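Novice:
2 protein chains.
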Amino acid sequence: MAPVTTELTSGARSATPTLDEVAVLAGVSRATVSRVVNESPKVSPEAREAVQAAIAQLHYVPNRMARSLVTRRTDTVALVLSEPNTQVFSDPFFASIVHGVSAALADTELTLVLLTARDAREQQKIARFARQGHVDGVVLMSLHSEDLLPDVLSGAGVPLVLCGRPYDGRSVAYVDADNVGGARVATEHLLGLGRRRVATLTGPTDMIAGVDRYLGWQRATEDAGRAVDPSLVAHGDFTEAGGEAAMARLLAQAPDLDAVFVASDPMAVGALRALRAAGRRVPEDVAVVGFDDAAVATTCDPPLTTVAQPLDLMTGELVELLRRQIEGVAAPAETRTCPTRLVRRASA
Amino acid sequence: MAPVTTELTSGARSATPTLDEVAVLAGVSRATVSRVVNESPKVSPEAREAVQAAIAQLHYVPNRMARSLVTRRTDTVALVLSEPNTQVFSDPFFASIVHGVSAALADTELTLVLLTARDAREQQKIARFARQGHVDGVVLMSLHSEDLLPDVLSGAGVPLVLCGRPYDGRSVAYVDADNVGGARVATEHLLGLGRRRVATLTGPTDMIAGVDRYLGWQRATEDAGRAVDPSLVAHGDFTEAGGEAAMARLLAQAPDLDAVFVASDPMAVGALRALRAAGRRVPEDVAVVGFDDAAVATTCDPPLTTVAQPLDLMTGELVELLRRQIEGVAAPAETRTCPTRLVRRASA
DNA sequence: GAGGTCCGTGGAAGCGCTCCCACGAATTTC
DNA sequence: GAAATTCGTGGGAGCGCTTCCACGGACCTC
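Protein sequence lines, in the order shown, are assigned to chains X and Y.
The opening residue of the first sequence carries number 1 in our numbering; numbering runs sequentially from there.
The opening residue of the second sequence carries number 1 in our numbering; numbering runs sequentially from there.
(1) Taking a Cβ distance cut-off of 8 Å, strictly less, list which residues of the segment 237-250 of chain Y are near chain X, in chain order.
(2) Is it buried or exposed for S40/Y, if we count other Cβ within 10 angstroms and need 16 for buried?
(3) For the segment 36-64 of chain Y, enumerate the residues whose C-beta is nearer than 7 Å to any C-beta of chain X, in chain order.
(4) Between T202/X and V228/X, is the Cβ-Cβ spacing less than 8 Å?
(5) Using a Cβ-Cβ cutoff of less than 8 Å, which residues in the same chain neighbour L105/Y once the five nearest sequence positions on both sides are dropped?
(6) For L114/X and L114/Y, which I take to be in contact (beta-carbon distance under 8 Å), what is that distance rounded to the nearest angstrom?
(7) What did DSSP end up calling L342/X once you bin it into helix, strand or coil?
(8) In or out: Q325/X buried (at least 16 other Cβ within 10 Å) or exposed?
(9) For D212/Y, name the three-state secondary structure that DSSP assigns.
(10) Is the beta carbon of D75/Y closer than 8 Å to that of D119/Y?
(11) At a Cβ cut of 8 Å, what residues of the segment 106-118 of chain Y count as close to chain X, listed as they run along the chain?
(12) What do you get for Q57/Y, buried or exposed, if any count of 16 or more other CB atoms within 10 angstroms of its CB means buried?
(13) Between which residues of its own chain and M314/X is the CB-CB distance below 6 Å, once the five residues before and five after are set aside?
(14) Report yes if the C-beta distance between T305/X and D292/X is below 8 Å; otherwise report no.
(15) Between the segment 327-343 of chain X and the segment 179-189 of chain X, are three or more C-beta pairs nearer than 8 Å?
(16) Is there a C-beta anywhere in chain Y that falls below 8 Å from the one on E122/X?
(17) Classify K42/Y: buried if its beta carbon has 16 or more other beta carbons within 10 angstroms, exposed otherwise.
(18) What does V24/X touch in chain Y if you count any residue whose Cβ is under 8 Å from its own?
(19) V343/X CB to nearest chain Y CB: under 8 Å?
(20) Shortest alpha-carbon distance to D258/X belongs to which of R213/X, G192/X, P204/X and T205/X?
(21) Anything in chain X within Cβ reach of G133/Y, meaning under 7 Å, just list it in chain order.
(22) Out of curiosity, what's the CA-to-CA distance linking L79/Y and A53/X?
(23) Grab me the residues of Q87/Y's own chain with a C-beta within less than 7 Å of its C-beta, minus the 5 sequence neighbours each way, in chain order.
(24) Counting only runs of 3+ residues fully inside the segment 210-295 of chain X, write out the beta strand (DSSP E) ranges in chain order.
(25) L69/X versus chain Y: which residues are under 7 Å apart at the beta carbon?
(26) Taking Cβ-Cβ distances shorter than 8 Å, what residues in chain Y pair up with A209/X?
(27) Any beta carbon from chain Y within less than 8 Å of T306/X's own beta carbon?
(28) Taking only beta-carbon atoms, is S154/X less than 8 Å away from chain Y?
(29) What's the call for S347/Y, buried or exposed, on a 16-neighbour Cβ count within 10 Å?
(30) Let's test the definition: count the other Cβ atoms within 10 Å of the Cβ of A38/Y and tell me whether it reaches 16, buried, or not, exposed.
(31) For P62/Y, count the other beta carbons within 10 Å of its own beta carbon; 16 or more makes it buried, fewer makes it exposed. Which is it?
(32) Taking the alpha carbon of S82/Y as the point to measure from, which residue in I126/Y, A199/Y and R67/Y has its own alpha carbon closest?
(33) Can you have a look at L290/Y and say buried or exposed, based on whether 16 or more other CB atoms are within 10 angstroms of its CB?
(34) Can you name the residues of chain Y whose CB is closer than 9 Å to the CB of P303/X?
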């Protein structure tokens, strides 16, 4: 009998038991233990039972590194937030996406890891992480136009789905809300209320969501036969403070405005504050519509009329598209655009 | 010549090149390539150069799974948020911790992955993930008293540091802010202003931070020779909405209060709103002190006097303690309590 | 009852890497 | 000038796992 076997049968147990140790204890071969662990049907009930008993007794946990080395899978996917501004982290929209993806993954054998890339160096680190085989796929929230990560990742052949349409027209799988449509409906609602001067507070122009929501406002304005007056436009950055400042500017530019479509709920909350500071009543003097249907939309004063995105649907599609790519059964660069919906509350 | 070698030298390159292929191309052995990759000094300049050229030419990226299998290290640490309530995600304090830990790790070779556990099932998944050797260590934000993850993880021998003192007195490494001291100073400040009825809005009683901040208020109250009047206490949940509701209750219980220490800034913002709704002026009628020094403390109306935690220090210590455990040079269950500091603004 | 099929099982190869050990050449020491 | 040291290098074992392949026994078929 070989020394190693002697040691195993003599009862000396390592802190982290291996397949072999389980096999020896169960009186079967390594291969059979592997089959039991991987739920292969080709195992007799007796053998299965013996193995399971041994696993329980030794507290055996398979070593995923070893497994991954041969299977070429890690059963792990990454959600990457590529964004220099840390504050975005506390944006409720982002939190919802994380929550949704995580929930969609909970029903699968996949584990979610969250990675953040604030600068080029961290992006490199993440690219390496992905390329070194630590994850089977990546959901990427790359918000700014100049981000390199989408290229690097898709170039490296890592299964990839973007959350949000890519800024340029590149061919890559993505899931997005119908931002243009949502903004359009919001603006039409304001117009339908009989408002004469419908302004907009946009998001950053280097983010596609910011651009698309502006586009929706613009189209609705044009379709209503109104001129697209530059003084009715102010740019924000999707944050509450940015929204407050932009609203103040907007009031200075266009004191006669009587409605405003704001490109995100946090910005709308800031806008509400600026409006109050300026002595304008909402919705009597100025009607306000936000975007996102964040939790704060129900608690602010007045409760916010806003455009809701189907988050569950979106995160579900995100995971679905990614899994298909991982399985290798995906059509190249599949995309989904999910419908939005106006939620009426008191602000418009 | 063996077939495999023929294939390698004949120019056929796999999509993901291995050490062997680099070795063949560079005309050295696998061992030498490994030395170059791992920056061993025992390599001649010529060999190093040849290897580096080959690596560049093949776009070689080491397979971390294979490496981990033998080194028993992954160079990855996890930040685990064990918290059923998803909304906590958008809490600025949490975002700051993530940011800080991530920044502290950016200077090292370690990669950070973020994991969330909302229920027992996800906790199991994470425990498995850690035990299977996917991470070298864990920073755990386990906020509630009944959480099992600390036990499971430390029981499994995974290097572990808690962010926040454990609820019970268990022996485990942790880093925490001096919540009791901070709350005490805040309360003393209110008392020092000459306020007669200093109330408090607490956090959840199953979170140690909630308990400690209440304790600080209590001690300061007692030390000032005041009675700890139950009607001066209302419980919140660290959220803005919860703070608003609790403040409304507090005003009903103790209409004569003239100061309130609020256990978190988001709650304080809610409290400010409730106070305004009730027609109380801040700070004239009611002085308010918050906790956390979140970004919102500077933008709300009036700007919030609050207790700041040394986040950089805390996250630095967190990473330091964890690294020491990973290196195996840590004393058992090291702990750090970081000093807090009162930041005076307009609300008190 | 001889040949065929099926099924559970174990042996063994190998995933890509690190690292111990031994080897030979260059350098040093007495 | 012989022995000892140093240094860069390559061979090879092995990390823990999956999976192909072959084997033997139980079962069926004509």
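Glycine included, each C-beta is placed from N, C-alpha and C at the ideal position.
As the structure is a prediction and not an experimental result, all values here were calculated from the model.
Specialist: Taking the coordinates as given:
(1) E240, A241 and E244
(2) What you label residue 40/Y is simply residue 40 of the second sequence in a count that begins at 1. So S40/Y counts as exposed.
(3) V61, P62, N63 and R64
(4) Along the first sequence, read from residue 1 onward, the residue named residue 202/X stands at position 202. Along the first sequence, read from residue 1 onward, the residue named residue 228/X stands at position 228. Against a cut-off of 8 Å, the Cβ pair of V228/X and T202/X comes out as no contact.
(5) Within the second sequence, residue 105/Y is the residue found at index 105, counting from 1. Once the five neighbours on either side are set aside, the close Cβ partners of L105/Y are V77, T111, L112 and V319.
(6) What you label residue 114/X is simply residue 114 of the first sequence in a count that begins at 1. What you label residue 114/Y is simply residue 114 of the second sequence in a count that begins at 1. Going by Cβ atoms, the distance from L114/X to L114/Y rounds to 3 Å, so yes, they are a contact pair.
(7) Sequence index remark: in the first sequence, residue 342/X carries index 342 (1-based). Strand at L342/X.
(8) The residue given as residue 325/X occupies position 325 in the first sequence. Burial call: buried.
(9) Walking along the second sequence from the start, residue 212/Y turns up at place 212. If DSSP states are grouped into helix, strand and coil, D212/Y belongs with the helices.
(10) Start at 1 with the first residue of the second sequence, and residue 119/Y comes out as number 119. Start at 1 with the first residue of the second sequence, and residue 75/Y comes out as number 75. For D119/Y and D75/Y, no; Cβs fall outside 8 Å.
(11) A106, T111, L112, V113, L114, L115, T116 and R118
(12) Reading the second sequence from its first residue, position 57 is the one you call residue 57/Y. It is exposed - the Cβ of Q57/Y has fewer than 16 other Cβ atoms within 10 Å.
(13) Within the first sequence, the letter at position 314 stands for residue 314/X. The answer, listed in chain order, is V175 and C338.
(14) Position 305 of the first sequence, counted from the start, is the residue given in the question as residue 305/X. Position 292 of the first sequence, counted from the start, is the residue given in the question as residue 292/X. No, the Cβ-Cβ distance between T305/X and D292/X is not below 8 Å.
(15) yes
(16) Here residue 122/X refers to the residue found at position 122 of the first sequence. E122/X counts as touching chain Y.
(17) The residue given as residue 42/Y occupies position 42 in the second sequence. Under this definition K42/Y is an exposed residue.
(18) Counting from one through the first sequence, the residue named residue 24/X turns up at place 24. None at all; the shortest Cβ gap to chain Y is about 21 Å.
(19) Locating residue 343/X in the first sequence gives position 343, counting from the first residue. Not closer than 8 Å to any Cβ of chain Y, the Cβ of V343/X fails to qualify, so no.
(20) Taking the first residue of the first sequence as 1, we reach residue 258/X at position 258. Answer by Cα proximity: G192/X.
(21) The residue given as residue 133/Y occupies position 133 in the second sequence. Per Cβ cutoff of 7 Å: N63, R64 and M65.
(22) The count along the second sequence starts at 1 and reaches residue 79/Y at position 79. The count along the first sequence starts at 1 and reaches residue 53/X at position 53. If I take the Cα positions, the gap works out to 33 Å.
(23) Sequence index remark: in the second sequence, residue 87/Y carries index 87 (1-based). Answer for Q87/Y: T239, listed in chain order.
(24) 233-235, 259-262 and 287-292
(25) Translated into the one-based positions of the first sequence, residue 69/X becomes position 69. Those are M65, A66 and L69, listed as they occur along chain Y.
(26) Along the first sequence, one-based indexing puts residue 209/X at 209. Result: empty, since nearest Cβ-Cβ is about 18 Å, beyond 8 Å.
(27) Numbered from 1 along the first sequence, position 306 holds the residue referred to as residue 306/X. No, no contact with chain Y.
(28) In the first sequence, counting from the first residue as 1, residue 154/X sits at position 154. No, S154/X does not count as interfacial toward chain Y.
(29) The count along the second sequence starts at 1 and reaches residue 347/Y at position 347. The residue in question, S347/Y, is buried, as its Cβ has 16 or more Cβ neighbours within 10 Å.
(30) Translated into positions along the second sequence, residue 38/Y becomes position 38. Just to set this straight, residue 38/Y is Asn in the shown sequence, not Ala. With fewer than 16 Cβ atoms within 10 Å of its Cβ, N38/Y is classed as exposed.
(31) Stepping through the second sequence from its first residue, residue 62/Y is reached at position 62. Counting Cβ neighbours within 10 Å, P62/Y comes out buried, since at least 16 surround it.
(32) Position 82 of the second sequence holds residue 82/Y. It is I126/Y whose Cα lies nearest to the Cα of S82/Y.
(33) On the second sequence, residue 290/Y is found 290 positions in, with the first residue counted as 1. One point to set straight first is that residue 290/Y is Gly, not Leu, in the sequence displayed. Flag for G290/Y reads buried.
(34) Numbered from 1 along the first sequence, position 303 holds the residue referred to as residue 303/X. The premise fails here: P303/X is roughly 12 Å from chain Y at the closest Cβ pair, so nothing lies under 9 Å.
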